[in-house]
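Each residue of the sequence shown is one higher than the last, beginning at 2 in the working numbering.
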Amino acid sequence: MSYARVKPHRLERAASATLRHTRRYTGRPPTEGEGEAEAPRADVTVDCGWGRLIFAHTFEDQGRMIDTLRQEAPGTRDIVFYLQDPHVALSLAPQELFLDPSHSFRLWLSDYRPSRRRPKGYSVRRLRTREDAEGVQRIYARRRMVPVSSSFLVASRNSRVLTHFVACDDATGAVIGAVTAVDHAHAFGDPENGSSLWCLAVDPQAAFPGIGETLVRTVAEHVQARGRAFLDLSVLHDNGNAIALYEKLNFRRIPVFALKTKNPINERLFTGPQPGEALNPYATIIVNEARRRGIGVEVLDAEAGYVCLSWGGRSVVCRESLSELTTAVAMSRCDDKAVTRRVLERAGLAVPAQMVAGDGEGTARFLAEHGRIVVKPARGEQGRGITVDVRDADTMERAIAAARQHCDTVLLEEFCEGQDLRIVVIDKKVVAAAVRRPAEITGDGTHSVRELIEAQSRRRAAATGGESHIPLDAETERCLAAAGRTLDDVLPAGEPLPVRKTANLHTGGTIHDVTDSLHPELVEVATVAARALDIPVVGFDLLVEAPDRPGYVFIEANERPGLANHEPQPTAERFVDLLFPQTRGVF
């Protein structure tokens with residue numbers, strides 16, 4: 002048996018500092034079949050679409066490696082990986098470079114064992130079409146990752162160095178996850194026969210469990226079949242969920258470093274922690290945009306999301322997307338849903354029939370006239386106290402009582418069919434639009450409805466920084482009963498089941514960007530409504546047949562819309578433009 006076939010001792014593997022450079026460096030003889038036909042190539046970079054992967058251990062001269070990194074294209078993120086002597090590299094360009102705060106992990110493929118569990122409701126395959134590539138782009142945008150052009154993904158689909166995999170929903174064909182494998186043997190004739198994994202991303206609104214694990218396993222089995230010895234990856238040190246997954250799959254930490262440039266894309270990695278206490282995602286997205294422009298940030302009340310932004314001689318206090326530029330009158334018009342409806346109706350916009358819940362006879366007549374109604378508090382947010390699609394008197398009375406727990410005035414509203422559309426208007430211009438869908442689970446033939454809801458709720462909370470979860474309350478039980486189900490039922494594998502009637506994000510709803518396909522009529526009525534309310538920042542909820550068709554009904558207006566829910570649209574950028582127009586175009 003050759004030396005190369007001897008399995009390294011576990012302590013040697015755990016302490017392995019990096020991929021070794023060359024046989025000259027390690028004294029390692031060639032592996033069986035490797036021969037002397039091809040020496041490892043020098044000064045190797047691999048274009049990955051989001052930037053270049055620069056293999057540091059293929060560079061004899063660190064100065065030349067740094068000069069290569071300096072050639073980074075605008076809007077991309079190059080990564081120097083397998084960096085030896087990081088302290089020396091940093092000393093050569095301390096103002097330009099920084100050490101990436103990521104951990105490196107390695108999976109020895111000789112120890113890897115495939116899982117017996119098969120994906121349910123989705124499948125993983127190699128990226129094939131432009132539609133696949135566009136699906137990957139959408140996920141990268143939602144995860145705030147550096148974008149990769151569809152053309153690059155399609156052009157590299159037959160590459161021997163890069164292999165792109167996608168996870169697809171079996172029912173819709175939509176791409177819900179992606180990952181890229183890099184084959185080091187094909188990239189530079191790696192004497193250690195390695196590989197690496199990059200850009201693992203799962204749609205934060207995907208309903209199926211285990212997508213990330215399946216993608217990682219797919220890459221491991223792909224490179225294992227090619228005869229590679231190990232699979233490496235890099236993950237941010239504070240990404241606890243990802244690290245837990247990798248450790249579960251038997252990846253082990255290795256002391257390998259990565260080097261990056263101090264460019265705007267990497268800014269949050271080298272500027273240090275956010276000032277003050279932790280903020281929720283809706284305030285954080287605004288603060289991050291302000292900091293990028295050099296605007297001063299003072300956290301006034303982290304729990305409530307209050308911050309003060311200052312630039313030059315101007316200071317503006319904001320509570321998330323609600324700022325001092327919104328007058329008390331405009332805010333009061335949005336705060337009371339009955340007032341909102343009257344203002345929009347006078348502006349000639351379509352609104353549903355509505356009445357204040359009062360005596361039993363009047364409410365009974367309203368229910369009989371419309372057949373299906375919505376019961377909601379006149380004041381409130383985040384879907385609290387709202388009951389949708391009420392069809393009988395007993396349910397209506399219970400819904401009225403529930404709504405009164407949030408506001409003394411309760412409204413009855415005509416139920417209108419349609420998709421739930423949120424349109425964000427900033428400075429009288431439509432900035433983003435998204436269809437919101439109620440929380441839904443998908444059966445697996447094993448777990449109960451309760452267990453599926455709890456699992457889906459955990460995933461939604463993780464994807465939204467704790468902002469979204471599915472309540473196990475009377476409204477959820479009512480929705481299940483309407484579908485002939487209970488919390489203890491076990492759904493057949495692949496069967497979908499909506500578990501809420503409202504599409505609010507805070508009760509587990511998902512949001513899907515439709516800005517680019519929004520019909521011109523909907524753009525027009527949203528701007529008319531913003532002018533009628535005389536409000537600089539507002540989120541409108543409409544019911545529409547489809548976002549790319551005419552026809553609508555206004556439901557309500559939100560004076561403090563969540564700007565973090567509309568990636569990849571530039572909501573925070575337009576908000577800060579409104580507050581500090583002199584900083585437009587400052588990155």
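Don't be surprised by glycine CBs; every beta carbon is placed ideally from N, CA and C.
By DSSP, does glutamine 420 sit in helix, in strand, or in coil?
Shown here, glutamine 420 sits in a strand according to DSSP, grouped into three states.
Report, in whole angstroms, the separation of the C-beta atoms of isoleucine 67 and leucine 93, which I expect to be a contact under 8 angstroms.
Confirmed, about 6 angstroms.
Can you give the Cα-Cα distance for histidine 407 and proline 582, rounded to whole angstroms?
Cα to Cα, the separation comes out at about 38 angstroms.
Residue environment, glycine 28, which counts as buried when at least 16 other CB atoms sit within 10 Å
Any reading at glycine 28 must be qualified, since the residue scores a pLDDT of 34, below 50, and its modelled position is unreliable; no value is offered.
Rounded to whole angstroms, what is the Cα-Cα separation between arginine 385 and threonine 396?
C-alpha separation (whole angstroms): 17 angstroms.
Span of the beta strand (DSSP E), counted from its first residue to its last, around valine 155
Residue range 151 to 156 is occupied by the alpha helix (DSSP H) that includes valine 155, with no beta strand (DSSP E) assigned at that position.
Where do the ends of the beta strand (DSSP E) carrying lysine 338 lie?
Following the DSSP letters along the chain, one finds lysine 338 in no beta strand (DSSP E) but inside the alpha helix (DSSP H) bounded by residues 338 to 347.
Let me know if asparagine 242 comes out buried or exposed under the rule of 16 or more other beta-carbons within 10 Å of its beta-carbon.
Exposed is the label assigned to asparagine 242, since fewer than 16 other Cβ atoms lie within 10 Å of its Cβ.
With which residues is threonine 181 paired in a DSSP beta bridge?
Threonine 181 pairs with His165 and Trp199.
Please look up how many angstroms separate the CB atoms of arginine 181 and cysteine 200, rounded, as I've assumed it's under 8 angstroms.
Arginine is not the amino acid found at residue 181; the sequence shown has threonine there. Yes, they are in contact, since the Cβ atoms of threonine 181 and cysteine 200 sit about 5 angstroms apart, within 8 angstroms.
Confirm, please, whether the CB-CB distance from serine 196 to leucine 232 is below 7 angstroms.
Taking 7 angstroms as the Cβ cut-off, leucine 232 and serine 196 qualify as a contacting pair.
Does DSSP put glutamate 415 in a helix, in a strand, or in coil?
Strand, per DSSP.
With burial defined as no fewer than 16 other Cβ atoms inside 10 Å of the residue's Cβ, what is the status of histidine 520: buried or exposed?
Under this definition histidine 520 is a buried residue.
Between leucine 543 and isoleucine 556, which are expected to be in contact by the criterion C-beta below 8 angstroms, what is the C-beta distance as a whole number of angstroms?
A Cβ-Cβ distance of about 6 angstroms is found for the pair leucine 543 and isoleucine 556, placing them in contact under the 8 angstroms criterion.
So, for alanine 462: in the same chain, excluding its five sequence neighbours on each side, which residues have a beta-carbon less than 7 angstroms away from its beta-carbon?
Ser469 and His470.
How big is the Cα-Cα spacing for alanine 207 and arginine 144?
So the two alpha carbons sit approximately 13 angstroms from each other.
For alanine 504, collect the residues of the same chain with a Cβ closer than 7 angstroms to its Cβ; drop the 5 residues on either side in sequence, then sort them by chain order.
Answer for alanine 504: Asp421, Arg437, Arg438, Pro439 and Gly510, listed in chain order.
Which same chain residues, not among the five before or five after leucine 301, have their C-beta less than 8 angstroms away from its C-beta?
Around leucine 301, the same chain offers Tyr307, Val308, Cys309 and Val318 as residues with beta carbons nearer than 8 angstroms, after the five sequence neighbours per side are excluded.
Whole beta strand (DSSP E) runs in the region 223 to 248 with 3 or more residues, listed along the chain?
You should have 231 to 237.
Taking the C-alpha atoms as reference points, what is the distance between alanine 172 and alanine 403?
If you take the alpha carbons of alanine 172 and alanine 403, they lie about 37 angstroms apart.
Enclosing beta strand (DSSP E) for phenylalanine 252 [first to last residue]:
From DSSP, phenylalanine 252 is part of no beta strand (DSSP E); its letter is neither H nor E.
Helix, strand or coil: how does DSSP classify cysteine 49 here?
In the three-state DSSP reduction, cysteine 49 falls in the coil class, being neither helix nor strand.
Counting Cβ pairs closer than 8 angstroms, one from the region 321 to 333 and one from the region 530 to 544, do we hit at least three?
Contact between the region 321 to 333 and the region 530 to 544 is present: three or more C-beta pairs spanning the two stretches fall below 8 angstroms.
Alpha carbon to alpha carbon, what distance is there between alanine 379 and asparagine 559?
Here the C-alpha atom of asparagine 559 lies approximately 13 angstroms from the C-alpha atom of alanine 379.
Buried versus exposed call for valine 450 [16 or more other C-beta atoms within 10 Å across all chains shown]
Here valine 450 is buried. Its C-beta has 16 or more other C-beta atoms within 10 Å.
Quick one: Cα of aspartate 336 to Cα of valine 539, how far?
Using only the alpha carbons, I get a separation of about 12 angstroms.
Whose C-alpha, out of Thr572, Tyr141 and Pro120, is nearest the C-alpha of isoleucine 286?
It is Thr572 whose Cα lies nearest to the Cα of isoleucine 286.
Reference aspartate 86, options Gly64, Ala74 and Gln96, closest by Cα
Here the closest residue by C-alpha is Gly64.
Would the beta-carbon of leucine 534 be found less than 6 angstroms away from any heavy atom of the ligand ZN?
With respect to the ligand ZN, the structure offers nothing, as it holds no ligand at all.
With a cut-off of 8 angstroms on the beta carbons, I'd call histidine 238 and serine 103 a contact; round off their distance for me.
About 6 angstroms separates the CB atoms of histidine 238 and serine 103; that is less than 8 angstroms, so the two are in contact.
Classification of asparagine 240 by the beta-carbon crowding that lies within 10 angstroms, buried from 16 upward
With fewer than 16 other Cβ atoms within 10 Å, it is exposed.
Considering only the beta carbon of each residue, do valine 167 and leucine 128 sit closer than 7 angstroms?
In this structure, valine 167 sits near leucine 128, with a CB-CB distance shorter than 7 angstroms.
Return helix, strand or coil for glycine 76, following the three-state DSSP convention.
Note: glycine 76 maps to coil in three-state DSSP.
Just list the alpha helix (DSSP H) runs in the region 381 to 461, keeping only unbroken ones of 4 residues or longer that don't cross its boundaries, in chain order.
Complete alpha helix (DSSP H) runs here, min 4: 394 to 405.
Below 7 angstroms CB to CB, which residues in the same chain sit around valine 162 once its five sequence neighbours on both sides are set aside?
Val47, Val183, Asp184, His187 and Ala188.
At the level of alpha carbons, what is the spacing between glycine 178 and alanine 202?
Between glycine 178 and alanine 202, the C-alpha separation is close to 6 angstroms.
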